[in-house]
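All residue numbers for the sequence shown refer to UniProt numbering, where the first residue is 1 and numbers rise by one.
Quick reminder that beta carbons are idealized off the backbone N, C-alpha and C, glycines included.
Structure first, then comments.
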Amino acid sequence: MAMNLKNSALLIVDVQNDFLPGGALAVSQGDEVIPVINALQEKFNFIVATQDFHPEDHGSFAANHKGKSPGEMIELAGLSQILWPVHCVQGSEGAEFHEELNPIKWKAIFQKGKNPEVDSYSGFFDNARREMTGLGDFLHNEGIMNVFVTGLAQDYCVKFTALDAVSLGFKTYLISDATRAVNLNPEDGDKALQEMKNGGVNLIDSSAILN
Numbered sequence: 001m002a003m004n005l006k007n008s009a010l011l012i013v014d015v016q017n018d019f020l021p022g023g024a025l026a027v028s029q030g031d032e033v034i035p036v037i038n039a040l041q042e043k044f045n046f047i048v049a050t051q052d053f054h055p056e057d058h059g060s061f062a063a064n065h066k067g068k069s070p071g072e073m074i075e076l077a078g079l080s081q082i083l084w085p086v087h088c089v090q091g092s093e094g095a096e097f098h099e100e101l102n103p104i105k106w107k108a109i110f111q112k113g114k115n116p117e118v119d120s121y122s123g124f125f126d127n128a129r130r131e132m133t134g135l136g137d138f139l140h141n142e143g144i145m146n147v148f149v150t151g152l153a154q155d156y157c158v159k160f161t162a163l164d165a166v167s168l169g170f171k172t173y174l175i176s177d178a179t180r181a182v183n184l185n186p187e188d189g190d191k192a193l194q195e196m197k198n199g200g201v202n203l204i205d206s207s208a209i210l211n
């Protein structure tokens, strides 16, 4: 029996070219989430996407720190920050959503990571939780009570988005087969799933909605 999706939103996190195979910060098998997400979109009336959208001088880019390489740690905005390859730069093809992802039913797109001084994994807040994207208020104002999270990457932006959704009072589900991990360390994806579960996120398979 399919789930009741009244007062529910499907949240599509960062399904952008740079996070897909061939991209600057590719998530292995990231493209496999697209047909699952497109099928899920048929079941939801309320769909929102997030978009990583960095300026060229973003502080999380290793290229902006002399002598530093991706994977090294620095301090940014008073927080421990992993350095990334340049990715999802505003106006670049890498920042665009994958062409096979169907946007026709999207209510809104919330961009994040625009402030060069702080990274922003979550679709709701920057990493320092000093600024909100507006996504939380948007969902609350629309009467959304349940949030179903999909997208990339499971161990970073998806995880932080799901945990923040819980903290904002939404009943939160991770659709586990509609997400993939970047796995800088081989166990990161599994750790993220456990963190989300411990943090109050409900882990489900797309079949709970599609069948």
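Q. Taking Cβ positions, are E72 and A63 nearer each other than 9 Å?
A. no
Q: Within its chain, find whatever has a CB closer than 6 Å to the CB of E100; leave out the 5 residues flanking it on each side and keep chain order.
A: I34
Q: Give the DSSP-derived three-state secondary structure of Q81 in the structure shown.
A: strand
**Q.** Alpha carbon of D155 to alpha carbon of Q111, nearest angstrom
**A.** 19 Å
Q | For F19, three-class secondary structure by DSSP | A | helix
(Q) I need the straight-line Cα distance from Q16 to P103, nearest angstrom please. (A) 12 Å
Q) For A181, which of G113, D190, L174 and I175 has the nearest alpha-carbon? A) D190
**Q.** Whole-angstrom distance between D31 and K93, CA atom to CA atom
**A.** For the record, residue 93 in the displayed sequence is Glu; it is not Lys. Cα to Cα, the separation comes out at about 16 Å.
Q: For the beta strand (DSSP E) containing S8, list its first residue and its last residue.
A: S8 to V13
Q: Between the Cα of D18 and those of V166, A208 and F97, spot the shortest distance and give me the residue it belongs to.
A: F97
Q: Just list the alpha helix (DSSP H) runs in the stretch 117-165, keeping only unbroken ones of 4 residues or longer that don't cross its boundaries, in chain order.
A: 135-141
**Q.** Strand pairing of M3, partner residues [DSSP]
**A.** Its beta-bridge partners do not exist; DSSP assigns none.
Q) Quick check: the stretch 54-61 against the stretch 115-124, are there 3 or more CB pairs under 8 Å? A) yes
Q) Over what stretch of residues does the beta strand (DSSP E) that includes S207 continue unbroken? A) Premise fails: S207 lies in the alpha helix (DSSP H), S207 to L210, not in any beta strand (DSSP E).
(Q) Are the CB atoms of A165 and S206 within a distance shorter than 9 Å? (A) no
Q: Would you check if the distance between the CB atom of T161 and the CB atom of V13 is smaller than 9 Å?
A: yes
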